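Beneath this line is the structure, given in structure tokens, with notes to follow.
Protein chains: 2
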Amino acid sequence: MGRAKVADAAGGASVRGRIDKRQAILDAAFVVFAREGYAQASIDLIAAEAGVAKPTIYNHLAGKENLFRHAMAAAADRSTARTLAAVSRLTADAPDLHLAFVDVGRALLDCYCSADSWALRRLLHAEIVRFPDLFDLVGASGPGQVAQAVADRLARLALAGRLRLTDPVEAGEQFVALLTGPVAGRSALGTLPFDDVQRQAAAHSATVTFLRAFGAEPSEPVGGA
Amino acid sequence: MGRAKVADAAGGASVRGRIDKRQAILDAAFVVFAREGYAQASIDLIAAEAGVAKPTIYNHLAGKENLFRHAMAAAADRSTARTLAAVSRLTADAPDLHLAFVDVGRALLDCYCSADSWALRRLLHAEIVRFPDLFDLVGASGPGQVAQAVADRLARLALAGRLRLTDPVEAGEQFVALLTGPVAGRSALGTLPFDDVQRQAAAHSATVTFLRAFGAEPSEPVGGA
DNA sequence: ATAGTAATGAACTTATTGGTTCAACAAAAT
DNA sequence: ATTTTGTTGAACCAATAAGTTCATTACTAT
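So the protein lines, in turn, are chains Z and F.
Each step along the first sequence adds one to the number in my numbering, with nothing skipped, and position 35 is 35.
For any residue, its number in my numbering is found by taking its place in the second sequence, counting from 1, and adding 1000.
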């Protein structure tokens, strides 16, 4: 590794002379932090993963704590963006409400179950005590935006007379809770994967009870699938 | 501190000659692990918290990893017992179903929001990568038992014609998801407390949508509270 | 009383790691 | 060609912590 001349030798991004080593460092830092945890992740390890020398890290991002914060913030931004894109699939003019909710639920669940997303939540939980500001940095804004987006969509549906609800943000919270709660409870916290059919089933079951509680149309009688 | 003769000098439990230093160590270990995280919690710190000398820890529980596992398992057992007691409040002969669900929901939420419970989940999330067996040790059995207990109660209710559901374990998962999901999303992960009125509101709102989806009686029309 | 057992404190070893310094170096700009 | 800037490798320092050893001390059972 090191001052590579070839396109992508080992780490992934290390080519462009000296620009944007920073991004490579940030990415590698998140990877290593996710794999090792904050305390166990050594700067040497991160440097190796990034294909970069140790002093370079201290040049761009002074100190481990700063590096951690920036890496977490970057990962959180990525994750939030993906999730917001998933939410945008829920349009008010969907022909079949059930199908629409299963679809967006499935997409949300894919985001939720991605390796990055698990790692982000794990690190957030793990280090929230020593880094209380982490909550404002990633824990609040990300889910906050998502909740807002979901609430917006639900409000539109309610206004169109297709949903019967009074508080869209509460209903939104409950939909994602219905979606992610069972997954979080069963799935060994991202250690072992939650496969496609399980996610589909989870999205379906969450949709069924959500629409039973809030749907304007009677939907299916009882039996599901 | 140390070989105390008085009842409770500093740590809390250190009186009885040499018996049950072990328990004191386990308790102190969980406290310190919860406060500092695994890596940052030094054996010296745990020894100090327990009012016990360092070699004593190595006598009773060889090594940090072993100590961690045992401390986590003990804390998990305590937590599960409390939660199961809370679930037992949901009887099939409740006069008002809404009230009964709010009540048990409230109790479950109290368990979920206790400092120990937050700490347990935090440590579990944090160290699941380096201690994969932790999931079988605390993550699986605890919630598994709880889910089973809730499913049992729901099945009784359904059999009595007061609930309309096909899969009691799924419904149980969804009830606790409805209950804890919004709390987990908003509450800064146990850093700042979730006060009584908020918990009451959360239990109420979870109950309303759950009964809207699964209740046999029409319950309230729309507006909640 | 006495012997045996468990706990204690303190020093010690060893290993890791965050953070720094510095001379050499390669590419970019002039 | 030369200066400048960011990068590199390697060595170094100080701090922290896991784990161990051991002589000493205090209970407890006989």
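The beta carbon of each residue, even a glycine, is placed where N, CA and C say it ideally should be.
If you're wondering where the values come from, they're calculated on a predicted model, not measured in any experiment.
7 Å CB neighbourhood of residue i in its chain, flanking five on each side removed
i              : result
residue 207/Z  : 98, 101, 102, 105
residue 1149/F : 1084, 1087
residue 222/Z  : Note on residue 222/Z: pLDDT 46, under 50, position unreliable in the model; the coordinate value appears next. Contacts found: none.
residue 40/Z   : none
residue 75/Z   : 30, 116, 120
residue 173/Z  : 147
residue 1049/F : 1011, 1028, 1031, 1032
residue 1064/F : 1043
residue 1060/F : 1021, 1022, 1025
residue 1171/F : 1154, 1165, 1214
residue 194/Z  : 113, 183, 187
Distance CB(residue i)-CB(residue j) smaller than 7 Å
i              : j              : result
residue 1226/F : residue 1123/F : The structure shown has nothing for residue 1226/F, since chain F only spans 1001 to 1225.
residue 80/Z   : residue 1213/F : no
residue 1160/F : residue 181/Z  : no
residue 1169/F : residue 1151/F : yes
residue 71/Z   : residue 26/Z   : yes
residue 113/Z  : residue 82/Z   : no
residue 1109/F : residue 1035/F : no
residue 127/Z  : residue 38/Z   : yes
residue 216/Z  : residue 162/Z  : yes
residue 89/Z   : residue 107/Z  : yes
residue 1156/F : residue 1092/F : yes
For residue i: DSSP bridge partner residues
i              : result
residue 1163/F : 1215/F
Residue from the options whose Cα sits closest to the Cα of residue i
i              : options                 : result
residue 146/Z  : 77/Z, 21/Z, 55/Z, 60/Z  : 77/Z
residue 164/Z  : 36/Z, 55/Z, 67/Z, 211/Z : 211/Z
residue 66/Z   : 195/Z, 133/Z, 185/Z     : 133/Z
residue 140/Z  : 1090/F, 1022/F, 1184/F  : 1184/F
residue 236/Z  : 21/Z, 64/Z, 42/Z, 49/Z  : Absent from the structure is residue 236/Z, since the part of chain Z shown begins at 1 and ends at 225.
residue 1135/F : 196/Z, 192/Z, 166/Z     : 192/Z
residue 1068/F : 1053/F, 1042/F, 1048/F  : 1042/F
Sequence-distant residues of its chain with Cβ nearer than 6 Å to residue i (five each side left out)
i              : result
residue 46/Z   : 28, 29, 32
residue 1225/F : Note that residue 1225/F scores 40 on pLDDT, short of 50, meaning its location in the model is unreliable and no value can be drawn from it.
residue 175/Z  : 210
residue 118/Z  : 190
residue 166/Z  : none
residue 1094/F : 1100
residue 1142/F : 1076, 1080
residue 197/Z  : none
residue 144/Z  : none
Neighbourhood of residue i by C-beta, 8 Å cutoff - its chain only, sequence neighbours within 5 removed
i              : result
residue 1179/F : 1105, 1108, 1109, 1112, 1202, 1203, 1206
residue 5/Z    : For residue 5/Z, the predicted model reports a pLDDT of 33, less than 50, meaning its position is unreliable and no value from the coordinates is stated.
Check: residue i C-beta below 6 Å from any heavy atom of the ligand GDP
i             : result
residue 184/Z : Judged by which ligands are present, the structure shown has none, so any question about the ligand GDP falls away.
If contact means a Cβ-Cβ distance below 9 Å, which residues of the stretch 201-217 of chain Z contact chain F? 205, 206, 208, 209, 210, 211, 212, 213, 214
Using a Cβ-Cβ cutoff of 8 Å, what residues of the stretch 75-92 of chain Z are near chain F? List them in chain order. none
Of all the residues that make up the stretch 1026-1044 of chain F, which are near chain Z by a beta-carbon distance shorter than 9 Å? 1034, 1035, 1036, 1037, 1038, 1039, 1040
Taking beta-carbon pairs under 9 Å, can you tell me which members of the stretch 1166-1179 of chain F lie near chain Z? Against chain Z - using a Cβ distance shorter than 9 Å - the residues of the stretch 1166-1179 of chain F are 1166, 1167, 1170, 1171, 1173, 1174, 1176, 1177, 1178, 1179.
For the stretch 1089-1121 of chain F, list every residue whose C-beta sits within 8 Å of some C-beta in chain Z, in sequence order. 1121
Scan the stretch 52-66 of chain Z for residues whose Cβ lies nearer than 7 Å to a Cβ of chain F and list them as they occur along the chain. none
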